[in-house]
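> Questions regarding the structure given below will be posed in turn.
Number of protein chains: 2
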Amino acid sequence: MKFIIKKERLIKSIQDALKAVAVRTTIPILVGIKFDADENGVTVTGSDSDITIQSFIPKEDDDEELVEIVEPGSIVLQARFFSEVIKKLPESIVEISVEDQFRTIIRSGNAEYIILGLDAEEYPRLPVIEDGDRFSIPNDLLKLIIKQTVFAVSTSETRPILTGVHWIIEDQHLTAVATDSHRLALKKAKLQSETGDGKTYSLVIPGKSLNELLKVLDDSNEPVEIIITNNQILFKAKNFLFFSRLLEGKYPDTSKLIPTDSKTTVKLNAKEYLEAVDRASLLAREAKNNVIKFSTMADGAIEISSYSPEIGKVVENVKSLSTEGEEIKISFNAKYMIDALRAIDGTEVSIYFTGTMRPFIIRTEHDSSILQLLLPVRTF
Amino acid sequence: MKFIIKKERLIKSIQDALKAVAVRTTIPILVGIKFDADENGVTVTGSDSDITIQSFIPKEDDDEELVEIVEPGSIVLQARFFSEVIKKLPESIVEISVEDQFRTIIRSGNAEYIILGLDAEEYPRLPVIEDGDRFSIPNDLLKLIIKQTVFAVSTSETRPILTGVHWIIEDQHLTAVATDSHRLALKKAKLQSETGDGKTYSLVIPGKSLNELLKVLDDSNEPVEIIITNNQILFKAKNFLFFSRLLEGKYPDTSKLIPTDSKTTVKLNAKEYLEAVDRASLLAREAKNNVIKFSTMADGAIEISSYSPEIGKVVENVKSLSTEGEEIKISFNAKYMIDALRAIDGTEVSIYFTGTMRPFIIRTEHDSSILQLLLPVRTF
Chain A
1 MKFIIKKERL IKSIQDALKA VAVRTTIPIL VGIKFDADEN GVTVTGSDSD ITIQSFIPKE
61 DDDEELVEIV EPGSIVLQAR FFSEVIKKLP ESIVEISVED QFRTIIRSGN AEYIILGLDA
121 EEYPRLPVIE DGDRFSIPND LLKLIIKQTV FAVSTSETRP ILTGVHWIIE DQHLTAVATD
181 SHRLALKKAK LQSETGDGKT YSLVIPGKSL NELLKVLDDS NEPVEIIITN NQILFKAKNF
241 LFFSRLLEGK YPDTSKLIPT DSKTTVKLNA KEYLEAVDRA SLLAREAKNN VIKFSTMADG
301 AIEISSYSPE IGKVVENVKS LSTEGEEIKI SFNAKYMIDA LRAIDGTEVS IYFTGTMRPF
361 IIRTEHDSSI LQLLLPVRTF
Chain B
1 MKFIIKKERL IKSIQDALKA VAVRTTIPIL VGIKFDADEN GVTVTGSDSD ITIQSFIPKE
61 DDDEELVEIV EPGSIVLQAR FFSEVIKKLP ESIVEISVED QFRTIIRSGN AEYIILGLDA
121 EEYPRLPVIE DGDRFSIPND LLKLIIKQTV FAVSTSETRP ILTGVHWIIE DQHLTAVATD
181 SHRLALKKAK LQSETGDGKT YSLVIPGKSL NELLKVLDDS NEPVEIIITN NQILFKAKNF
241 LFFSRLLEGK YPDTSKLIPT DSKTTVKLNA KEYLEAVDRA SLLAREAKNN VIKFSTMADG
301 AIEISSYSPE IGKVVENVKS LSTEGEEIKI SFNAKYMIDA LRAIDGTEVS IYFTGTMRPF
361 IIRTEHDSSI LQLLLPVRTF
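In order, the protein sequences belong to chains A and B. Quick note: the first sequence, position 326, residue 326 per my numbering, numbers continuous. Quick note: the second sequence, position 359, residue 359 per my numbering, numbers continuous.
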């Protein structure tokens, strides 16, 4: 194998592939990144066996020559070390060639590295995804769907299925739901393309995979093609392929959790309310329980407070835009409220309560596609 | 105690004082910051008992009112929590008042915190530094002196005296020396003011103190007054006092370590050489020994190389500006060379060797005040 390549483009592809490379792995070759050079260009692959990211460098892009393939072939190189070497090379052009025994020579300007590579034949095969159901979502919308839900997945392995986000595809709509059983995030989106034959799909994508996918997606509205098979999902964008395994098992039916009526509705300026919760959360966090109290006041305002016998207390009044229905005093986890408000990202938010011990929902007027639900905390 | 203060100025002072506050401490009250309000303004003090930083907020600065003292007094507040609370307050003005039982009320806009403070009487007294020998150094020069030496102190407690930087003050000159017995950094500077009576001072300042001092010094050329007593040093700048204990014991005589002759002199472009060493260090670091090899070549160039049987090797040629004297092949710690070159920060550097097993020195033509010395590593 031998190719001569633009350094900056190689760095970009290595950085994308690196996001899938685990720091510790039980499969030694997965500390490496695989390079495949053929007549079309160079493919850079990183994997931790759950996630695989493949970045492709074509010979030319917009009439600019990116890579000259002198001799096709494959090699696996230690990912992090190789990445640092490439970043520090003196010239903008790098020559990479493989000799006997997987010895790989990297030349740039007056610098020459010989590093010991590994046999690409021993690198795990990619999942084969030929025929699968496919649809597409623009980069920016896909990012938004992930950001507005993935934070609510469970981080505990006691119910592994809850560490993923549940995607339901039905009638050209995607519904994404995540819950850790203390809070729930839900986002709906319309799909651009047909999903074929009116079938319904239900899949659970690991939260960790979606968090890594976020890092490689760009902010364009170019479509990302999504292909689903039994146990894998593939995201196919212009310059990369992103494979993730799916979680096995049945995701709980969350639709019954979401209250449809409300006894108290409070509408607030989102920024003022978030800042007040954030300040109260400082004390709540210091008190270790992270719990703050929300009370409607006689004058229509609300009071946010937190108390700890060791540290002290905080009380804050926030004007409401409107308050309807019964009085309420309710306690909840401050961090979950902050996460929910950040996900909604509106100028105003409305909170719908159905009682001190019942889950409540947070929405915004100008975007009906997103819903956040929190369970209250019992305080005695 | 009660005062009303500009939030931004309070934050600045807390951040300075926080640099002295240890995360873990055996003296519980030192997790706090002490506030003293009197007719002149507010003094904010943080300490870990080795270092004490005191930041003063005057009532007025440049005709701008900074703080209104309603009632003088003192309180100690939990440092990190209080700092975060202040940073998140809604308004630019903060009212702080202390009630019974050290309950401290913080008000800003609609937010009100009550936090439990500690008795300021229990906070350790500052070292009394009234009469001491004093001289002064501008902020920017003091920063430079520290930066060019402190990195070379020992991090091991086997010889505690080497964890400090040795300052010798003599004939209106300061000489600062640091060594961890593998390398040495030396910087000389002329002092602005008289040091009194032609006395010679010799003191050892903990490296940790100097690193913290670096963070509070600004880049102005305003003088910092330095006052020395038996076991303390005080740095007195416009807005803060910085106290540090001195290390006890005799610092070794390092002057004999520095060779005065040279058998080989190589002059190099500093940037090219640093980059080559930096690249070679990647492999040396991966190989765990951090050792690189420096060889003069027949054509006057030098070769930088590193080799590891497990990882591979790197070879790089660097043109020299001049090479005089005997050929040399020598090995040294790459990180120490990088530290030395960064400290010198010149456009060219000259390296003076006196043999493969002898310490060698690195200097730059345009700044004779700095000298770096490295011990070679034996490679077999």
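We treat Cβ as the ideally placed atom computed from N, Cα and C, and that holds for glycine. What you are looking at is a predicted structure, and each value in this text was computed from that prediction instead of being measured.
Name the chain A residues that come within less than 7 Å of Asn-317(B), Cβ to Cβ?
The residue given as residue 317(B) occupies position 317 in the second sequence. Those are Asn-110, listed as they occur along chain A.
> Please check if any C-beta of chain A sits within less than 8 Å of the C-beta of Glu-84(B).
Taking the second sequence and counting its residues from 1, one reaches residue 84(B) at position 84. Closer than 8 Å to some Cβ of chain A, the Cβ of Glu-84(B) qualifies, so yes.
> Is there at least one Cβ from chain B nearer than 8 Å to Val-314(A)'s Cβ?
Here residue 314(A) refers to the residue found at position 314 of the first sequence. Output row for Val-314(A): interface = yes.
> Taking 8 Å as the CB-CB limit, is Arg-279(B) close to chain A?
By one-based count along the second sequence, residue 279(B) stands at place 279. Yes, Arg-279(B) counts as interfacial toward chain A.
> In this structure, does DSSP put Glu-8(B) in helix, strand or coil?
Here residue 8(B) corresponds to residue number 8 of the second sequence, with the count starting at 1. Helix.
> Go ahead and label Asp-119(A) buried or exposed: buried means 16 or more other beta carbons lie within 10 angstroms of its beta carbon, across all protein chains shown.
Stepping through the first sequence from its first residue, residue 119(A) is reached at position 119. Counting of Cβ neighbours within 10 angstroms places Asp-119(A) among the exposed residues, the total staying below 16.
> Phe-81(A) CB to nearest chain B CB: under 8 Å?
Indexing the first sequence from 1 puts residue 81(A) at position 81. It does; some Cβ of chain B falls within 8 Å.
> How close, in whole Å, do the beta carbons of Ser-331(B) and Ile-292(B) come, if the pair is a contact with beta carbons under 8 Å?
Within the second sequence, the letter at position 331 stands for residue 331(B). Within the second sequence, the letter at position 292 stands for residue 292(B). With a Cβ gap of about 7 Å, Ser-331(B) and Ile-292(B) count as contacting.
> Measuring alpha carbon to alpha carbon, tell me which of Leu-191(A), Thr-158(A), Ser-156(A) and Ala-152(A) ends up nearest Glu-170(A).
To locate residue 170(A), count along the first sequence from 1; it is residue 170. Nearest option by C-alpha distance: Leu-191(A).
> Any chance the region 220-236 of chain A sits against the region 127-136 of chain A, with 3 or more Cβ pairs inside 8 Å?
yes
> For a contact defined as C-beta to C-beta under 7 Å, what are the partners of Ile-115(B) on chain A?
Within the second sequence, the letter at position 115 stands for residue 115(B). Residues of chain A passing the Cβ test: Ile-311 and Gly-312.
> Just the Cα atoms here: how many angstroms apart are Ser-136(B) and Pro-223(B)?
Translated into the one-based positions of the second sequence, residue 136(B) becomes position 136. Translated into the one-based positions of the second sequence, residue 223(B) becomes position 223. Computed Cα separation, rounded: 6 Å.
> By the three-class DSSP mapping on this structure, what secondary structure does Ala-334(B) have?
Within the second sequence, the letter at position 334 stands for residue 334(B). Ala-334(B): helix per DSSP, three-state reduction.
> Kindly list, in the order they appear in chain A, the residues whose Cβ is closer than 7 Å to that of Lys-88(B).
Numbered from 1 along the second sequence, position 88 holds the residue referred to as residue 88(B). Simply Asp-278, Arg-279 and Leu-282.
> What are the uninterrupted segments assigned as alpha helix (DSSP H) that are 4 or more residues long and contained completely in the region 295-370 of chain A, given in chain order?
334-344
> Does Ser-136(A) come out as helix, strand or coil in the three-state DSSP assignment?
Taking the first sequence and counting its residues from 1, the one referred to as residue 136(A) is at position 136. Residue state, collapsed to three classes: strand.
> Could you check the C-alpha separation between Ile-93(A) and Leu-18(A) for me, to the nearest Å?
To locate residue 93(A), count along the first sequence from 1; it is residue 93. To locate residue 18(A), count along the first sequence from 1; it is residue 18. Each residue's alpha carbon lies about 21 Å from the other.
> Residue range of the alpha helix (DSSP H) that Ser-209(A) falls in?
As a working note, residue 209(A) is residue 209 in the first sequence. Counting along the chain, the alpha helix (DSSP H) containing Ser-209(A) begins and ends at 207-216.
> Name the DSSP beta bridge partners of Asp-61(B), please?
Indexing the second sequence from 1 puts residue 61(B) at position 61. In DSSP, Asp-61(B) forms a bridge with Glu-64(B).
> Within this structure, are the beta carbons of Leu-371(A) and Arg-183(A) separated by less than 8 Å?
Within the first sequence, numbered from 1, the residue matching residue 371(A) stands at position 371. Within the first sequence, numbered from 1, the residue matching residue 183(A) stands at position 183. Not closer than 8 Å, so no.
> How is the beta strand (DSSP E) around Tyr-113(B) delimited, first residue to last?
Residue numbering aside, residue 113(B) sits at position 113 when the second sequence is read from its first letter. For Tyr-113(B), the enclosing beta strand (DSSP E) stretches over residues 111-116.
> Within 8 Å (strictly less), CB to CB, does Glu-91(B) reach chain A?
In the second sequence, the residue the question calls residue 91(B) occupies position 91. Answer no: the Cβ-Cβ gap between Glu-91(B) and chain A never drops below 8 Å.
> Find the residues of chain B that neighbour Glu-286(A), judging by a C-beta separation of less than 7 Å, and give them in chain order.
Reading the first sequence from its first residue, position 286 is the one you call residue 286(A). Those within 7 Å of Glu-286(A) in chain B are Phe-81.
> Is the number of C-beta pairs between the region 37-57 of chain A and the region 201-220 of chain A that are closer than 8 Å three or more?
yes
> Note down, in chain order, each residue of its chain lying with its Cβ closer than 7 Å to the Cβ of Asn-269(B), except the 5 sequence neighbours on either side.
Looking up residue 269(B) in the second sequence gives position 269. Answer for Asn-269(B): Leu-321 and Glu-348, listed in chain order.
> Output needed in chain order: residues of the region 249-280 of chain A with a Cβ under 8 Å from some Cβ in chain B.
Glu-275, Ala-276, Asp-278 and Arg-279
> Beta strand (DSSP E) containing Leu-174(A): first to last residue?
Here residue 174(A) refers to the residue found at position 174 of the first sequence. Its beta strand (DSSP E) spans residues 173-179.
> Within this structure, are the beta carbons of Thr-354(A) and Asp-261(A) separated by less than 8 Å?
As a first step, residue 354(A) is located in the first sequence; it is residue number 354 there, counting from the start. As a first step, residue 261(A) is located in the first sequence; it is residue number 261 there, counting from the start. Taking 8 Å as the Cβ cut-off, Thr-354(A) and Asp-261(A) qualify as a contacting pair.
> With DSSP run on the structure shown, which of helix, strand or coil describes Leu-126(A)?
Counting from one through the first sequence, the residue named residue 126(A) turns up at place 126. Coil.
> Nearest to Ser-368(B) by CA position, among Val-315(B), Pro-359(B), Asp-345(B) and Val-21(B), is which residue?
Position 368 of the second sequence, counted from the first residue, corresponds to residue 368(B). The residue with the shortest Cα to Cα distance from Ser-368(B) is Asp-345(B).
> Using a 10 Å radius around the Cβ and a threshold of 16 neighbouring Cβ atoms, would you call Arg-125(B) buried or exposed?
Residue mapping note: residue 125(B) aligns to position 125 of the second sequence, counting from 1. Exposed, by the Cβ-count rule.
> Can we say the region 237-251 of chain A touches the region 197-206 of chain A, given the rule of at least three CB pairs closer than 8 Å?
Touching, per the Cβ criterion.
> For the beta strand (DSSP E) containing Val-153(A), list its first residue and its last residue.
Taking the first sequence and counting its residues from 1, the one referred to as residue 153(A) is at position 153. Val-153(A) -> no beta strand (DSSP E), and no H or E assigned at all.
> Helix, strand or coil: how does DSSP classify Arg-258(A) here?
Locating residue 258(A) in the first sequence gives position 258, where the first residue counts as 1. Correcting the residue identity first, residue 258(A) is Ile in this sequence and not Arg. Reduced to three states, the DSSP call for Ile-258(A) is coil.
> Leaving out the 5 sequence neighbours to the left and right, which residues in its chain are closer than 8 Å to Glu-157(B) when beta-carbon positions are compared?
If you number the second sequence from 1, residue 157(B) lands on position 157. Only Thr-163 meet the Cβ criterion.
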